[in-house]
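Residue numbers (my numbering): 349 to 643. Data first, discussion second: the structure below is written as structure tokens.
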Ligand SMILES: [Zn+2]
Ligand SMILES: [Zn+2]
């Protein structure tokens, strides 16, 4: 059962870029991006990375119902689990799939392409669930009492971050976002008024006051100089976002496939030190596959 009366969040995939199995990755897990949120019988899913396969298995324990699936973008690590999502093959399930409106082709044709015969034995037409594809316009959506809004991320291609407002709480799902792209300087002096922050104020304001921010910090500050423009934040720059936005808690997700459990432990300590240096009160922890939060 996924539902509790008040609702819950489960992080089914906390890895970025590529699934990462193996003994060195057991504690955090190796599934790519997927988050579920259930509330009062309504089922929301954010991204369809390899983590969505396990979510599907869990959903199949309950009778078929409607699922609202929001995609941040269509890179592999955010859609590759969809062909293995059992509810999509099962009559009675209704999957409402949402994505950005400015994709280079319709969302449906991207999902159809992923299921082309050259890549997969089963095609989109063979999926027995009722599937609907929606391109998000400007206005936020309110679905069964849950408000969902979005903003463009700094990431190659058209990519979104989502804000979920439910039960008076703000939760932000922002797995791929290169905050302060190219910024390598010391971090402790930055304020909302800083020149480098100004272009990013809409993102700071979007995230502002979140009870829970789920955002990446894929590269250490040592790794970042060789990865500028790849679409992912340095630890330091992601700390600036969490701090300036005044979020209460930050769960780091989208861990780099080269970062094993031991490395991620060190990286979390580094993140905490950087936040301390900024005088930040943000509570930070690392996401892992299976992490569960109650609303
Ligand atoms: Zn990604
Ligand atoms: Zn991406």
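In this text, a Cβ means the ideal position worked out from N, Cα and C, and glycines have one as well.
Backbone CA spacing between residue i and residue j [nearest angstrom]
| i | j | result |
| --- | --- | --- |
| residue 596 | residue 634 | 15 Å |
| residue 464 | residue 605 | 27 Å |
| residue 546 | residue 376 | 34 Å |
| residue 468 | residue 430 | 11 Å |
| residue 424 | residue 602 | 13 Å |
| residue 580 | residue 528 | 10 Å |
| residue 440 | residue 413 | 7 Å |
| residue 394 | residue 538 | 31 Å |
| residue 542 | residue 532 | 14 Å |
| residue 558 | residue 519 | 6 Å |
| residue 462 | residue 624 | 44 Å |
| residue 290 | residue 616 | Shown here, the chain extends from 349 to 643; a query on residue 290 therefore has no answer. |
| residue 567 | residue 582 | 5 Å |
| residue 438 | residue 574 | 45 Å |
| residue 457 | residue 432 | 18 Å |
| residue 448 | residue 484 | 5 Å |
| residue 446 | residue 521 | 14 Å |
| residue 493 | residue 400 | 24 Å |
Cβ shell of residue i (< 8 Å), same chain only, five flanking positions each side left out
| i | result |
| --- | --- |
| residue 550 | 499 |
| residue 540 | 549, 552, 592 |
| residue 435 | 404, 407, 408, 412, 415, 441, 443, 477 |
First through last residue of the beta strand (DSSP E) which encompasses residue i
| i | result |
| --- | --- |
| residue 463 | No beta strand (DSSP E) holds residue 463; DSSP gives it neither H nor E. |
| residue 591 | Run containing residue 591: none in the beta strand (DSSP E); it sits in the alpha helix (DSSP H), 583-592. |
| residue 642 | 639-642 |
| residue 481 | 478-484 |
| residue 440 | No beta strand (DSSP E) contains residue 440, which DSSP labels as neither H nor E. |
| residue 414 | 414-418 |
| residue 510 | 508-514 |
Close beta carbons around residue i, own chain, < 6 Å, minus the five adjacent residues each side
| i | result |
| --- | --- |
| residue 351 | With a pLDDT of 44 at residue 351, under the threshold of 50, the modelled position of that residue is not reliable, and no figure is offered here. |
| residue 530 | 576 |
| residue 349 | Here the model assigns residue 349 a pLDDT of 48, short of 50, so the residue's position is not dependable and the matter cannot be decided. |
| residue 554 | 499 |
| residue 589 | 527 |
| residue 507 | 420, 421, 501, 524 |
| residue 450 | 506 |
| residue 636 | 362, 376, 377 |
| residue 358 | 384, 640 |
| residue 515 | 643 |
| residue 572 | 582 |
Residue environment, residue i, which counts as buried when at least 16 other CB atoms sit within 10 Å
| i | result |
| --- | --- |
| residue 367 | buried |
| residue 365 | buried |
| residue 411 | exposed |
| residue 619 | buried |
| residue 649 | Because the chain in this structure spans residues 349 to 643, residue 649 falls outside the shown range and cannot be described. |
| residue 470 | exposed |
| residue 487 | exposed |
| residue 391 | buried |
Chain C contact for residue i (CB, 9 Å cutoff)
| i | result |
| --- | --- |
| residue 613 | The structure shown contains no chain C, having only a single protein chain. |
Boundaries (first-last residue) of the alpha helix (DSSP H) holding residue i
| i | result |
| --- | --- |
| residue 405 | 400-407 |
| residue 426 | 424-427 |
| residue 625 | 609-625 |
| residue 394 | Counting along the chain, residue 394 falls outside any alpha helix (DSSP H), though it belongs to the beta strand (DSSP E) covering 390-394. |
| residue 357 | It is not in any alpha helix (DSSP H) - residue 357 instead sits in the beta strand (DSSP E) that spans 356-361. |
| residue 520 | From DSSP, residue 520 is part of no alpha helix (DSSP H) but of the beta strand (DSSP E) over 517-522. |
| residue 549 | 549-555 |
Distance cut-off 8 Å: residue i Cβ against heavy atoms of ligand 3
| i | result |
| --- | --- |
| residue 367 | Ligands in the displayed structure: ligand 1 and ligand 2; ligand 3 is not one of them. |
Cβ shell of residue i (< 7 Å), same chain only, five flanking positions each side left out
| i | result |
| --- | --- |
| residue 614 | none |
Next on the checklist: With three or more C-beta pairs closer than 8 Å as the rule, is the region 469-489 touching the region 385-403?
Outcome noted: no
Next on the checklist: Any contact between the region 511-522 and the region 403-415? By contact I mean 3 or more CB pairs, one from each, below 8 Å.
Outcome noted: Contact fails between the region 511-522 and the region 403-415, because fewer than three Cβ pairs, one in each stretch, are under 8 Å apart.
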